[in-house]
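Sequences listed follow chains A and B, in order.
The numbers in the first sequence follow the working numbering, run straight up by one, and end at 278.
The numbers in the second sequence follow the working numbering, run straight up by one, and end at 278.
Where is the CB? At the ideal position from N, CA and C, for every residue including glycine.
2 protein chains.
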Amino acid sequence: MSDEPTVPRDFEGLKAHLGVAHNALPKRLKQAADFALRHPDDVAFGTVAEIAVKAGVQPSTLVRLAQAIGYGGFSDLQQVFRARLKAGWPDYHTRLEALKAVGPEPHPGLHLHGFSQAAIASLERLGATLDPHRLDAAVDLLAGADTIHLLGARRVFPVTAYLAYAFAKMGVRTQLVDNVGSLGGEQIAAARPGDVVLAVSYAPYTRSTVDLAATAAAAGVPMLAITDSAFSPLVSMARVWLEVAEADYGAFRSLAASFALVMALAVSVGEKREAGQG
Amino acid sequence: MSDEPTVPRDFEGLKAHLGVAHNALPKRLKQAADFALRHPDDVAFGTVAEIAVKAGVQPSTLVRLAQAIGYGGFSDLQQVFRARLKAGWPDYHTRLEALKAVGPEPHPGLHLHGFSQAAIASLERLGATLDPHRLDAAVDLLAGADTIHLLGARRVFPVTAYLAYAFAKMGVRTQLVDNVGSLGGEQIAAARPGDVVLAVSYAPYTRSTVDLAATAAAAGVPMLAITDSAFSPLVSMARVWLEVAEADYGAFRSLAASFALVMALAVSVGEKREAGQG
DNA sequence: TTGAAAACGGAAGAAACGTTCCATTCCGTC
DNA sequence: GACGGAATGGAACGTTTCTTCCGTTTTCAA
């Protein structure tokens with residue numbers, strides 16, 4: 001029943017396909033195809049009229065090109081150019097849908113796979129979006145601190161707890177504000193301007209973390225915030241902030257990117273101090 | 001003639017702009033803005049109607065948002081999201097080369113990449129090696145427990161700390177043996193045969209974890225062990241054990257696979273109890 | 001509790017878009 | 001040099017999309 005030869009749906013395949021068909025194409029269609037491969041970004045987001053002007057052809061030529069090489073229409077062809085831009089971006093939701101499609105009822109292996117995918121997506125995204133200069137600035141800030149006060153509650157408490165371990169291993173003095181005995185306020189009150197507060201919080205931002213961070217900020221203690229959006233209440237208090245967007249699976253959010261980030265921070269700060277004291 | 005305050009035309013500027021303005025925005029507009037920053041690729045590619053559905057708002061809300069923050073309309077705002085993708089994601093290898101190009105000596109970006117790779121390797125290995133039947137057995141054991149006692153120290157303390165959070169969210173009763181006040185022995189002494197001990201330990205096996213696990217085992221409390229080899233001292237005490245081999249980067253070992261595993265355990269146990277109680 | 005202003009949802013309207021169609025031009029062939 | 005088919009330019013069509021408008025709900029202050 002497949003009466004139609006399938007056409008490539010990815011950009012690489014399209015390039016190969018066009019390479020073969022190129023010589024058999026009429027002049028204008030060749031011109032349009034040439035432009036498309038040369039300016040894929042313009043094709044991805046432009047309208048037919050806009051692209052036609054840039055390519056020096058008529059709008060109808062673009063539609064003809066798409067149909068000549070087997071697509072239903074220009075919009076159909078354009079999807080390939082858009083997919084190319086998406087490709088660099090791990091499309092996590094697509095993966096998740098694929099997971100769900102395997103079987104209706106959930107089971108442990110499926111969940112494990114799901115959480116793994118969420119973790120990998122988070123890590124890839126972190127690598128793609130984090131600004132290296134901000135990361136350097138964060139390391140500089142932490143390296144100059146006398147004591148680093150670690151602030152993070154509930155879901156992200158494991159992150160700060162790990163930081164306490166990792167910094168200690170690197171010879172960096174920390175205070176984990178764990179709020180044991182409801183002494184969080186007293187713990188953070190020990191922070192002085194020569195110190196640094198490292199606060200971690202993701203939406204919905206835990207009240208106590210935000211409050212304690214505000215207390216420290218009011219006391220003039222510089223802050224590094226690790227949070228998930230520019231809307232975070234921590235952003236306005238922080239001297240430096242790093243954005244980490246973790247992927248969800250079900251009701252739970254990955255912590256993989258957060259851990260990779262703080263591990264890198266801990267090692268970098270340790271190295272910088274080592275170098276400074278060398 | 002510039003009667004209008006200029007609005008950011010690049011994504012970074014937009015983030016900053018929204019971060020400042022977000023407090024003044026009404027609820028729905030905030031919701032839409034949040035979605036936009038969280039799913040920028042959806043905004044870049046989608047139509048107003050599609051995006052509105054995903055964001056859980058009306059199409060008109062998206063237009064209002066764009067106008068509220070100074071753009072002429074939604075299409076105008078959308079250009080910013082498209083420009084972000086046009087700017088071009090340097091592909092994976094380019095990024096890696098750029099990282100290495102900074103210099104031969106280690107730096108934060110390189111460490112971040114290293115920890116990410118270690119995490120991904122750990123996750124992939126976990127998925128490939130873990131026996132699904134053992135995983136099912138682990139879930140069965142935990143689902144039958146009255147109280148789950150969580151045992152894990154030093155490097156893996158974050159894992160058990162997270163489990164305490166995750167299990168609580170799933171309505172499962174736990175006791176985190178955190179050894180606060182050196183009361184670890186008393187904490188684990190509360191475990192009874194109807195309970196289960198979930199012990200996590202990797203080489204070099206922390207002494208106190210092994211000792212506390214042994215105490216519980218001697219008292220006839222069944223144990224699920226998460227550890228890194230068949231030679232682990234926990235294996236002989238455990239009724240069920242799961243092997244997790246984390247990859248190293250430098251002096252630090254990833255925790256990504258451990259977290260993915262325990263998240264899957266928590267969700268599966270919660271679901272199994274839900275099903276059992278109908 | 002009441003009233004006014006802001007925000008919201010939904011549908012109608014306006015604009016833009018992709019596609020199709022037809023007349024004209026170009027090119028190879030007889 | 002004339003013919004026929006393919007290719008092209010340009011306009012019109014129908015659909016989709018964005019925007020605007022208005023009645024209702026919500027929110028905040030008096």
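**Prompt:** Which bits of chain B does I120(A) rub up against, with CB to CB less than 7 Å?
**Reply:** I120 and L123
**Request:** With a 10 Å radius around its C-beta and 16 neighbouring C-beta atoms as the bar for buried, classify R155(B) as buried or exposed.
**Result:** buried
**Item:** Coil, strand or helix - T227(B) by DSSP
**Value:** strand
**Asked** Any C-beta of chain A sitting closer than 8 Å to the C-beta of L162(B)?
**Response** Position check: residue 162(B) holds Tyr in this sequence, whereas Leu was assumed. It does; some Cβ of chain A falls within 8 Å.
**Prompt:** Roughly how many whole angstroms lie between the Cα atoms of M1(B) and L25(B)?
**Reply:** Its pLDDT being 39, under 50, M1(B) is placed unreliably by the model, and the measurement read from it follows with that caveat. For M1(B) and L25(B), the distance between alpha carbons rounds to 28 Å.
**Residue nearest to L29(B) in terms of C-alpha spacing, selected from F45(B), L62(B), D76(B) and A190(B)** = L62(B)
**Item:** 6 Å Cβ shell around D3(B) - same chain, five flanking residues per side excluded
**Value:** Annotation note: pLDDT 40 at D3(B) (below 50); position unreliable, no value reported.
**Asked** Considering only residues of the same chain and omitting the five flanking positions on each side of R253(A), which have a CB-CB separation below 6 Å?
**Response** E246
**Those residues which DSSP pairs with R253(B) across a bridge** = D248(B)
**Request:** Quick one: residues in its chain with C-beta nearer than 6 Å to the C-beta of A145(A), no 5 flanking neighbours on either side, listed in chain order?
**Result:** D195 and V196
**Request:** Please list the segments of the alpha helix (DSSP H) lying wholly inside the segment 145-220 of chain B, counting only runs of 4 or more residues, in order along the chain.
**Result:** 157-169, 184-189 and 207-218
**Asked** Listed from N- to C-terminal order along the chain, which residues in the segment 163-197 of chain A have their beta-carbon within a distance smaller than 8 Å of any beta-carbon of chain B?
**Response** Y165, A166, K169 and V180
**Message:** Counting only Cβ-Cβ distances shorter than 9 Å, please list the residues of the segment 129-142 of chain A near chain B, keeping chain order.
**Reply:** L130, D131, P132, L135, D136, A138 and V139
**Request:** Could you tell me whether the Cβ atoms of L112(A) and A264(B) are closer together than 8 Å?
**Result:** yes
**Message:** Between H149(B) and chain A, is any beta-carbon pair separated by less than 8 Å?
**Reply:** no
**Prompt:** Is E243(B) helix, strand or coil by DSSP?
**Reply:** strand
**Asked** Taking 8 Å as the CB-CB limit, is D34(A) close to chain B?
**Response** no
**Request:** Please state whether DSSP places S258(A) in a helix, a strand or coil.
**Result:** helix
**Prompt:** Roughly how many angstroms separate the alpha carbons of A44(A) and R82(A), rounded to a whole number?
**Reply:** 5 Å
**Prompt:** Cβ of E4(A) less than 8 Å from any chain B Cβ?
**Reply:** Low per-residue confidence applies at E4(A): pLDDT is 46, beneath 50, and the placement is therefore not dependable enough to give any value.
**Message:** Taking beta-carbon pairs under 9 Å, can you tell me which members of the segment 59-72 of chain A lie near chain B?
**Reply:** none
**Request:** Put D131(B) into one of helix, strand or coil per three-state DSSP.
**Result:** coil
**Request:** Establish whether the CB of G19(A) and some CB of chain B are separated by less than 8 Å.
**Result:** no
**Asked** Does the count of Cβ pairs from the segment 7-24 of chain B and the segment 57-75 of chain B closer than 8 Å reach three?
**Response** yes
**Asked** Any idea what DSSP makes of P8(A), helix, strand or coil?
**Response** coil
**Request:** Note down the Cα distance separating K272(A) from G127(A), rounded to an integer number of angstroms.
**Result:** 21 Å
**Prompt:** Counting contacts by CB-CB distance shorter than 8 Å, is S201(A) in contact with chain B?
**Reply:** no
**Prompt:** Does the beta carbon of A245(A) sit closer than 8 Å to a beta carbon anywhere in chain B?
**Reply:** yes
**Proximal residues to T160(A) (C-beta, below 7 Å), its chain only, five neighbours per side dropped** = L150, L151, G152, L176 and V200
**Request:** Using three-state DSSP, classify P233(B) as helix, strand or coil.
**Result:** coil
**Request:** Ignore the nearest five residues each way along the sequence and tell me which others in S60(B)'s own chain have a CB closer than 7 Å to its CB.
**Result:** none
**Asked** Comparing the C-beta of M1(B) with each C-beta of chain A, is any distance below 8 Å?
**Response** The predicted model places M1(B) with a pLDDT of 39, which falls under 50 and marks its position as unreliable; any figure quoted below should be read in that light. False, the Cβ-Cβ gap to chain A never drops below 8 Å.
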